[in-house]
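The structure under discussion appears below in the form of structure tokens.
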Amino acid sequence: MPHDRQLIERLHQGDPHALRTCYERYKDTLLTTAACLLGSIPAGEDCLHDVFVQFAADVRKLGTAENLKSYLTTCIANRARDMLRQRSRQTMAMDKIAQMSEPQTTPPPQPAKSTDSDQATAAYRALGQLPDLQREVITLHLQGDMTFKQIARSQHASINTIQSRYRYGLAKLRQLLGKGAKP
Amino acid sequence: MNPAENNIERHVKEISFKTRDDLDAQILSDALAALDHSNAPPGPDEPIRRMNMKSYMPLLVTAAAVIAIIVGIVQFNPDPKVSSKDPIAANKPDIADSSTTDSLVPLEIEFPQAMFVGTPANLSSIPNLEPIKPEGDLRPPIMVPKGTKNVARNKQVSASDEDPIIGSMGMINDGNKQAADGSYIEFAPGPQHVTLDLGEQHNIYAIAVWHYHKTQRVYFDVIVQTADDPDFLTHAKTLFNNDIDNSSGMGVGTDKNYIEDNKGKLINARGTRGRYVRLYSNGNNLNNLNHLIEIEVYGQPVAK
């Protein structure tokens, strides 16, 4: 199995096999990360599609020292952030229209059908209830295997801030999952 | 870190989703096309860039003359029944051999005869209009699995305006895409929609729409959706929406307005699953009426 460095070199030469290998290697991780960030599998699929096609178009700009998984995970995070912003704008527009109607609650994230354990399913649901920044740090660290330093760089924040978000996020998750465990 | 937090981290790490096969095929096909496209333009160091202006001016003049002759021949098509094909659709991109992408082919669509030529109408005041493409500019092909065909032909059609001003429902999917009189259906003013029932669940790869291409027009608030039920409550998905001010109340769209032509509007549905396809519109730049010549839905029935 070629290492990332070899893959990148082949991608620079426009090798379609390298692109396919890259996709096959990271597709499920990237989809999981995107679905966790967006709280929806279809939205995660759209995100994965956008990111990978853009990755293929700009692959020549990729540095040879890049860690492909971290790079692609960062791309997913950036795209997911854009999609969340877009969704927020659309929701605001819809809220203006629906101001006089009954208040609506945000639909809960879809159940994690592909996830094996009940605890993982519960964790996925609970992730959807976290604030965006906390969810992003937890997802990128645990699913994307990114270090706090890498996340700090991608979020333009200090490492201390990122670690705080991570801790607060975990505490909130513990609280949410604890509630769910009660009869 | 306490054990409870360790458990939570473990549960989050256990979350796992797998991509669908049809999604894999679509992403790979689009990514390979993008990679291929990024390989295509000559780099700044290639010899042609080092030639000075004088040396390749005769070459440019000759090429321009040849292109002008070809465009003239293509536009002077004396037989209106003869359809033209998108040249780029015939140029299959170099998809490398693989079990995932072997079965993908560029979608080929039969286009009706172009009806308008000459000076373009002044459409510059229309907001959110996509850039006007130069003559002969080709859109990239959509890659679809082998065996994909128009599954909308002669299927059941319903509309918000059940009594159209001109034409009948069956004209929307009868295969006649010409812009001549008698080929189009005219609906009442304001927001209207038509719904196609494909009869069963399909994987939908592309949707092509011709509103009216006899004159240059822009139809507003074009929204294309798919769903599993006729009320569009189950798995409803919006594939295209250029209603930027949400005047139709279907959500703010991010797609561009576009000028109708004989090639229609081709929308990449990326293997979306659904049985019903609905198309909204809300008048056009010349009047507030809604017209449709043809809708084609390219897909395959979902294996049972």
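Protein chains in written order, with the numbering used here: chain A, 83 to 265; chain B, 904 to 1207.
Here a beta-carbon is modelled for each residue, glycine too, at the ideal position from N, C-alpha and C.
- prompt: Between residue 112 of chain A and residue 153 of chain A, what straight-line distance do the alpha-carbon atoms span, to the nearest angstrom?
  reply: C-alpha separation (whole angstroms): 11 Å.
- prompt: Can you tell me where the alpha helix (DSSP H) with residue 60 of chain A in it begins and where it stops?
  reply: One cannot answer for residue 60 of chain A here, as it falls past the ends of chain A, which runs 83 to 265.
Uninterrupted alpha helix (DSSP H) stretches inside the region 200-248 of chain A (no shorter than 4 residues): 200-209, 214-224 and 230-237, all fully within the region 200-248 of chain A.
field: chain B contacts from the region 129-156 of chain A (Cβ-Cβ distance under 9 Å)
entry: Closer than 9 Å at the C-beta level to chain B, one finds these residues of the region 129-156 of chain A: 130, 131, 134, 135, 136, 137, 138, 139, 140, 141 and 142.
Nearest residue (CA-CA) to residue 229 of chain A, options A/215, A/245 and A/216: The residue from A/215, A/245 and A/216 with its alpha-carbon nearest to that of residue 229 of chain A is A/245.
query: Can you name the start and end residues of the beta strand (DSSP E) that residue 1124 of chain B belongs to?
result: Element bounds for residue 1124 of chain B: n/a, residue is neither H nor E.
field: Helix, strand or coil at residue 1153 of chain B [DSSP, three-state]
entry: Here residue 1153 of chain B sits in coil by DSSP.
query: Do you know how far the Cα of residue 116 of chain A is from the Cα of residue 1232 of chain B?
result: Any answer about residue 1232 of chain B is impossible in this case: the structure gives chain B only from 904 up to 1207.
query: Taking the runs of the beta strand (DSSP E) that are 3 residues or longer, which of them lie wholly in the region 1010-1079 of chain B?
result: Counting only runs of 3 or more, we get 1046-1048 and 1059-1062.
message: To be precise: take each residue of the region 1168-1198 of chain B, compare its Cβ to all Cβ atoms of chain A, and keep it if any distance is under 8 Å. Which residues remain?
response: Here the close residues are 1173.
message: Can you tell me whether residue 1161 of chain B is helix, strand or coil according to DSSP?
response: It is coil, neither helix nor strand.
message: To the nearest angstrom, how far is the alpha carbon of residue 973 of chain B from that of residue 1061 of chain B?
response: When rounded, the separation of the alpha-carbon atoms in residue 973 of chain B and residue 1061 of chain B is 42 Å.
- request: Taking residue 136 of chain A as part of the beta strand (DSSP E), name the residues at either end of that continuous run.
  value: Not the beta strand (DSSP E): residue 136 of chain A falls in the alpha helix (DSSP H), residues 123-139.
- prompt: In the region 93-110 of chain A, which residues sit with their C-beta less than 7 Å from some C-beta in chain B, listed in chain order?
  reply: Those residues of the region 93-110 of chain A that come within reach of chain B (Cβ to Cβ, closer than 7 Å) are 96, 98, 99, 101, 102, 105, 109 and 110.
- request: Please report how far the alpha carbon of residue 911 of chain B lies from the alpha carbon of residue 1197 of chain B, in whole angstroms.
  value: Each residue's alpha carbon lies about 54 Å from the other.
message: Helix, strand or coil, according to DSSP, for residue 1000 of chain B in the structure here?
response: Confidence is the limiting factor: at residue 1000 of chain B the pLDDT is only 39, short of 50, which leaves the residue's position unreliable, though a coordinate-based value still follows. Looking at residue 1000 of chain B - three-state DSSP - the assignment turns out to be coil, as it is neither helix nor strand.
message: Alpha carbons only, please: which of A/132, A/222, A/131 and A/241 is nearest the one belonging to residue 231 of chain A?
response: Of the candidates A/132, A/222, A/131 and A/241, the one whose C-alpha sits nearest the C-alpha of residue 231 of chain A is A/241.
field: Distance between beta carbons of residue 1160 of chain B and residue 1121 of chain B, contact taken as under 8 Å
entry: Going by Cβ atoms, the distance from residue 1121 of chain B to residue 1160 of chain B rounds to 5 Å, so yes, they are a contact pair.
message: DSSP three-state label for residue 974 of chain B, please.
response: In this structure, residue 974 of chain B counts as helix in the three-state DSSP scheme.
- prompt: When you compare only the Cα positions, how much space is there between residue 913 of chain B and residue 151 of chain A?
  reply: Taking the straight line joining both Cα atoms gives about 20 Å.
query: What's the C-alpha gap between residue 965 of chain B and residue 1029 of chain B?
result: Each residue's CA atom was taken as its position, placing residue 965 of chain B and residue 1029 of chain B some 37 Å apart.
message: Any beta carbon of chain A sitting closer than 8 Å to that of residue 1107 of chain B?
response: Answer no: the Cβ-Cβ gap between residue 1107 of chain B and chain A never drops below 8 Å.
- prompt: Does DSSP put residue 912 of chain B in a helix, a strand or coil?
  reply: Looking at residue 912 of chain B - three-state DSSP - the assignment turns out to be helix.
- request: Just confirm the distance between the C-beta atoms of residue 1086 of chain B and residue 1126 of chain B, as a whole number of angstroms; I'd bet it's less than 8 Å.
  value: Not quite, the Cβ-Cβ distance comes to about 23 Å (not below 8 Å), so this is no contact.
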